[in-house]
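The next block holds one structure in the form of structure tokens; read it before the comments.
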Amino acid sequence: MARKKQGRLKALGAEVGEVFKAIFHVYRAWWVEIILLSLIIFIPIGLLDAADSQAIEAIGPGHDFQLAALIVAAFAVAATGLLGEVFLAGAIGLSLTHAEDGRPPSLGFIARRLNYFRLIAVDILFVLLVAAGFLLFIVPGVAGFVYLSLTGPVVEVEDRTIWSSFKRSFQLVRGKFWLVFWVLVPIEVVGGLVQKGIEQLCEATLGHSFLALGLGEALAEVALSPLFAIAAVLLTRKLIQLKDGRLLPGPDPRDLQRLRPTS
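Numbering (the working numbering), first residue to last: 85 to 347.
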């Protein structure tokens, strides 16, 4: 029994290691494009969020209407942030599926092909469902996070509807829960620590200002979001192949190449 358990743990460790190696290959080959896209998305969002946060802090007592308006604005900014994260995950999924000669497609191609409405709806529902799980207890929250974490990539790589994508994510993760857990949860936890550190560094360097808050949040998102997005897409592709015996279009991560400027 102990030997079987040890064998399963060894096999799991090997699978997790393969996924992290694939993440490294994707980032090494396309890091310029990924970081550039992340900066374009998250810097404006970070500045908007920082401006709204400072405005809320500046409102004194007796200004309930202004406070309510700014809280609504904060939710609007949060929704824009969701769009940024969904766009990045979808863009990476499309890039891997439509890479040519190991190179990513153009930003224009990605912008034209993304399923914006479905991705935004999926992301909002994902957050609500996971939050509801954590309200019940930690275990349901973590389980919801793991089982539903592939929903966004499924929307793009299989062109599914909203609820079909949630169901498909659950089906893909079932039987491979610990593989998905040990890839995504460490990225989320370590990424959260990095995010906090970057925000504190920016605040210590630039002071407690609009610019410091905005840049800190944006750079923190840039540090975290690409890793999670790449991991979710690679897991989706891997589990589709394992479950269905179907290899999605696109090169092996080890064969990816940097995008060369056209002459």
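Beta carbons: idealized from backbone N, C-alpha and C, even for Gly.
This one's a predicted model, so the numbers in the text were calculated from it and none came from an experiment.
Residue burial classification, residue i (beta-carbon count within 10 angstroms, cutoff 16)
i: D207; result: buried
i: A98; result: exposed
i: E184; result: exposed
i: Q90; result: exposed
i: A160; result: Confidence is the limiting factor: at A160 the pLDDT is only 45, short of 50, which leaves the residue's position unreliable, though a coordinate-based value still follows. Exposed is the call here.
i: L308; result: buried
i: V264; result: buried
i: I282; result: buried
i: G192; result: exposed
i: L277; result: exposed
i: L212; result: exposed
i: L299; result: buried
Given residue i as reference, the closest of the options once Cα atoms are compared
i: I271; options: L332, P224, L180, A316; result: A316
i: V306; options: I118, K89, G174; result: I118
i: L319; options: S122, V241, I125; result: V241
i: A175; options: Q279, W114, I282; result: W114
i: P303; options: F108, F312, G97, I125; result: The sequence shown places Leu at residue 303, rather than the Pro named in the question. The residue with the shortest Cα to Cα distance from L303 is I125.
i: Y231; options: L120, L93, W262; result: W262
i: W266; options: I129, P237, V100; result: V100
i: F201; options: F221, I246, V116; result: I246
i: N199; options: V278, L326, I222, A173; result: A173
i: V116; options: I127, H182, P188; result: P188
Counterpart residues of residue i in DSSP-defined beta bridges
i: E184; result: R187
Residue j beta carbon less than 7 Å from that of residue i
i: T235; j: S248; result: no
i: I194; j: L178; result: yes
i: P310; j: S190; result: no
i: P337; j: V103; result: no
i: G217; j: P335; result: no
i: G59; j: V238; result: Because the chain here runs from 85 to 347, residue 59 falls outside it and cannot be looked at.
Pairwise C-alpha distance: residue j and residue i
i: R252; j: A95; result: 24 Å
i: L332; j: I324; result: 8 Å
i: L256; j: I107; result: 19 Å
i: G329; j: F229; result: 25 Å
i: Q284; j: F171; result: 26 Å
i: T289; j: L209; result: 37 Å
i: R197; j: R321; result: 19 Å
i: G275; j: R258; result: 25 Å
i: L180; j: A313; result: 12 Å
i: D339; j: L268; result: 23 Å
i: R244; j: E287; result: 42 Å
i: R92; j: I129; result: 43 Å
i: E169; j: R87; result: 42 Å
i: L326; j: I222; result: 29 Å
i: V273; j: A227; result: 15 Å
i: I127; j: L219; result: 31 Å
i: S233; j: K260; result: 13 Å
i: R112; j: K105; result: 10 Å
i: F254; j: Q279; result: 28 Å
C-beta neighbour in chain D for residue i, strict 7 Å
i: G275; result: The chain labelled as chain D is not found in the depicted structure, where only one protein chain is given.
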